[in-house]
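Have a look at the structure below, then the notes.
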Amino acid sequence: MPAVVSGIDASNIPAHVAIVMDGNGRWAQRRGLKRTEGHAAGEEALFDTVNGGLDLGLRWMTVYAFSTENWRRPLDEVRFLMNFNESLLLRRRDELNDLGVRIRFIGRRTGRVPGRLRRRIEEAEDLTRANRRMTLTFAFNYGGRAELVDAVRAIGAEVRAGRLDPAKINDKTIARHLYAPDMPDPDLLVRTSGEYRVSNYLLWESAYSEFVFTDVLWPDFRREHLFDAVREFQRRNRRFGAIE
Ligand code: IPE
Ligand code: IPE
Ligand code: MG
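Numbering follows numbering that gives the first Met the number 0, with no gaps: position 213 of the sequence shown is 212.
What follows is the structure, encoded as structure tokens:
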């Protein structure tokens, strides 16, 4: 049973909240720490936020963990992030499983993603496959453009094989070829650290998402900040292009 959270209308909880977990490096630098210590500190933020999502009865949460552009960072930071995500999955998968969370990954699994991490991803997905309380999706080696490129390639192959009439391609065709076709579009997209951009996140899926930006740096983010974002979401008037 979802907990009652003050000021939040339980009948209008977003089905899907997507988060850009940003500001780890700045959080660390402000404390005279290495950037990587900021990533490590982001783990507590993530787990508190997931538990807050469970309190609300949130069914889908998607977090941006590594973008297709993050390979441009120094090799030691990239390496840290690969190892960190691998160890996080190992250390936390049972806890997430016990909470009824289904773990999923969207993004390109090929290329530079280390084989060991790829195996941990598959194991975590297999372990939690039957869970239905919440789907926690990690966008990892994810780019919205890469996702659309991959969709276009798959659609092209179907056309070429004579299985799809190009004149019949519509938005449902494209949505069906995204990394997680069963995932609802995010109702609410939160970005931390005072940056006001999408940075190649969920480009197709966020067409009608409500955006909430906060100056809080990701390692300081807690479930109360998620509740604040949901309260803000509930004050918005979604029109989807129509009028009242
Ligand atoms: C977000 O924090 C985490 C990743 C991109 C992996 P950053 O590392 O981007 O932190 P800032 O934005 O440099 O402070
Ligand atoms: C977006 O943050 C990617 C993740 C949070 C994983 P970045 O820090 O990479 O985005 P930019 O470079 O500031 O746009
Ligand atoms: Mg950043």
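Cβ coordinates follow ideal geometry from the N, Cα and C atoms, glycine included.
DSSP places MET81 in the helix class (H, G or I) of the three-state scheme. Taking every protein chain shown into account, the CB of GLY99 has fewer than 16 other CB atoms within 10 angstroms, so this residue is exposed. Put simply, the backbone Cα of TYR207 is about 16 Å away from that of ASN199. With respect to the C-alpha of TYR178, the residue from SER5, ARG103, VAL215 having the closest C-alpha is ARG103.
With contact defined as three or more Cβ pairs closer than 8 Å, the stretch 201-220 and the stretch 86-93 are not in contact. Taking one beta carbon from each stretch, the stretch 57-71 and the stretch 8-27 have 3 or more pairs nearer than 8 Å; the two touch. DSSP places GLU231 in the uninterrupted alpha helix (DSSP H) bounded by 222-234. Of the residues ARG132, VAL151, PRO180, ASN84, the one whose Cα lies closest to the Cα of GLY41 is ASN84.
DSSP places THR213 outside both helix and strand once states are collapsed to three, so it counts as coil. Not one heavy atom of ligand 3 is found less than 8 Å from the C-beta of ASN82. C-alpha of THR191 to C-alpha of GLY240: approximately 27 Å in a straight line.
Measuring C-alpha to C-alpha distances from TRP203 to each of ALA138, ARG78, ARG144, GLN28 identifies ARG144 as the nearest.
When the Cα atoms are used, LEU188 and ASP149 turn out to be separated by approximately 23 Å.
Between the beta-carbon of ALA123 and that of LEU88 there is about 5 Å, and that keeps the pair under the 8 Å contact cut. Around the Cβ of LEU57, a 10 Å sphere holds 16 or more other Cβ atoms; the residue is buried.
Residue pairing by DSSP puts TYR63 in a beta bridge opposite VAL19, ALA138. In its chain, beyond the 5 residues on either side, GLY6, ILE7 have a beta carbon closer than 8 Å to the beta carbon of ARG230.
By the CB criterion at 9 Å, THR136 and ILE105 fall inside the cutoff. A Cβ-Cβ distance of about 7 Å is found for the pair ARG131 and ARG101, placing them in contact under the 8 Å criterion. Sorting TYR195, GLY51, GLN28 by C-alpha distance to the C-alpha of ALA2 places GLY51 at the top. Restricting attention to alpha helix (DSSP H) runs no shorter than 4 residues, the stretch 99-160 encloses them at 114-127, 143-159, ordered along the chain.
The Cβ atoms of PHE226 and VAL211 do not sit closer than 9 Å to each other. In this model, SER66 and GLY155 are separated by some 25 Å (Cα to Cα).
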